[in-house]
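Each remark here refers to the structure printed beneath this line.
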Amino acid sequence: MMDKSIFRQYDIRGRAGTELDEGAVRAVALAFGAYAAQRGKRRFIVGRDNRISSASFRDKVVEALLDSGLDVIDVGEVITPVFYFAARHFDTDAGIMITASHNPGHDNGFKLLLGPSTIYGDEIQAVARMAYAGSRLESAARGQLEFADVHPAYMEAIKNLVQLGPRNLKVVVDCGNGTASYVAPAVLRELGCEVVELFCESDPSFPNHHPDPVKAENCRDLIRMVEMEGADLGIGFDGDGDRLGVVAPNGDIIWGDTLMILYWREILARHPDQDCIVEVKCSQSLVDEIERLGGRPMIYKTGHSLIKAKMKEIGAIFTGEMSGHMFFADEYYGYDDAVYAAARLLRILSNSDRGIVELLADIPVYHATPEIRVKSTDTEKFRIADKVLAHFKEHYEV
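Letter by letter, the sequence shown follows residues 0 to 397 of numbering that gives the first Met the number 0.
If you want it as structure tokens, here you go:
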């Protein structure tokens, strides 16, 4: 029996082998294949991160889709942004990315792509109901399987989209032994940076630190290496390459809301008078700076799928999250790509005679409590969330 907790707001995720065993993997793939086919989507892209369970999950996913008569392009081990890029590059209809993002190595899961967008919320719950019901697409003919390496096309696209300025930059890149190891250092070198690699060997046991650069404890080695190398910047990537963390030469961690100020300064200078989505966890300094630059800040809820949908709804050209997701639609495709976000940051620095510390020196510091995470089981977490929601609905206008 599938554990219902695997069906989250933005993706499907759980402990591989128990909460998400091979039977559940096949059931979800069959259900999503049927869900997509009902909407006229029959050409799938499949990618996976470097987790130990990802290869076997891939086998079950591809087998289920082919058994359903659906065609599959397998792009192998890729970061999630390369998976998104591949969907556009090959003009596929739907896709399954096998990843648990920044979760521990024993977890795994899926991000489900329908057309150009990942599904979330009610759509994921609809797939869950179909999986529990054993829904599948009956087909007399087996689908066709292709294999493709999209990395060269992705690297060429980034190189064509982002040209650095005259200032040479030395950058320490920490991939945390995640899937970004395959692509991030190579892309930044191709752009012209001197790259010092740190933990850029793919290793699904994540032996050095957890690949989540938004947590300060995971940036300690990066901070030390930046200081030791006298680098202009340190950049850390999460496990599937859709979030980044940034370290300044003085050892400071540049949090997501502060990083967005640098991006907004460049973007609003070129595209004034914009509605600017501000994730609710961001500080007042970001709101103040957007207003100073002539933008209109719009506070919005957390969640990468929710934010991408809101961007599309209002035609927003950029936003980001405190967690390190950055979404560029001014010169890019609107999805969260940490490698592209790193390239955009390096473009800003390479066109300035000031370092990142100097560029941010005029931003006021607002003191706020850090994000507090209380450990609990998924069952307890959902029960508490429902109880809190009921309380506020009873006492306030929600």
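Quick reminder that beta carbons are idealized off the backbone N, C-alpha and C, glycines included.
What you are looking at is a predicted structure, and each value in this text was computed from that prediction instead of being measured.
- In the DSSP assignment, N107 is bridged to G13.
- Y299 carries a strand assignment under DSSP once its states are collapsed to helix, strand and coil.
- Less than 9 Å separates the beta-carbon of T178 from that of I78.
- With three or more CB-CB distances shorter than 8 Å, the stretch 175-191 counts as touching the stretch 199-209.
- Taking the Cα of G191 as reference, the smallest distance to any Cα among L348, T17 and K380 is reached at L348.
- With respect to I289, Y299 sits apart: the two C-beta atoms are not nearer than 9 Å.
- Per the Cβ contact rule, the stretch 214-231 is not in contact with the stretch 267-286 (fewer than 3 Cβ pairs under 8 Å).
- Going by DSSP, D66 is part of the alpha helix (DSSP H) stretching over S53 to D66.
- The Cβ atoms of V71 and I97 lie no closer than 9 Å to each other.
- Distances from the CA of V279 to each of A315, M297, K110 and G250 were compared; the closest alpha carbon is that of M297.
- Each of S322, A315, E320 and G32 was checked against the Cα of Y332, and the nearest Cα belongs to A315.
- The beta carbon of L64 sits closer than 7 Å to those of A28, G32, F43, V71 and G142, all from its chain and outside the five residues before and after it, given in chain order.
- Per the DSSP secondary-structure output, V171 pairs in a beta bridge with V195 and G233.
- Sequence-distant Cβ neighbours of A340 in its own chain, meaning closer than 6 Å and more than five residues away, are L243 and M325.
- The three-state reading of DSSP puts F327 in strand, counting E and B together.
- Secondary structure remark: continuous beta strand (DSSP E) runs of at least 3 residues inside the stretch 266-325, in chain order: 274-278, 295-299 and 317-319.
- Under the three-state reduction of DSSP output, V182 falls in the coil class, being neither helix nor strand.
- Secondary structure of L112 (DSSP, three-state): strand.
- Sixteen is the threshold: when 16 or more other Cβ atoms of the shown chains lie within 10 Å of the Cβ of Y83, as they do, the residue is buried.
- With respect to S138, L69 sits close: the two C-beta atoms are nearer than 9 Å.
- Annotation for F82: the continuous alpha helix (DSSP H) segment containing it runs T79 to H88.
- By the CB criterion at 9 Å, L111 and D92 fall outside the cutoff.
- Look at L243 here: in three-state DSSP terms it is strand.
- Judged by pairs of C-beta atoms under 8 Å, the stretch 10-26 does not touch the stretch 385-392, as fewer than three such pairs exist.
- Counting only the Cα atoms, R291 lies some 44 Å from V126.
- Taking 9 Å as the cut-off, the beta carbon of I276 is found no closer than this to the beta carbon of L344.
- According to DSSP, residue pairing for I252 in a beta bridge involves V246.
- Per the coordinates, the alpha-carbon of L359 lies some 17 Å from the alpha-carbon of L267.
- About 16 Å separates the beta carbons of L163 and R353, which is beyond the 8 Å limit, so they are not a contact pair.
- E196 places its beta carbon 9 Å or farther from that of H208.
- Shortest Cα-Cα distance from L136 to any of D237, G46 and D66 involves D66.
- At least 9 Å separates the beta-carbon of G175 from that of D251.
- E21 sits in a helix when the DSSP states are folded into three classes.
- Taking a C-beta distance under 9 Å as the contact criterion, D211 and H101 qualify as a contact pair.
- Assignment of beta-bridge partners to L69 by DSSP yields no partner.
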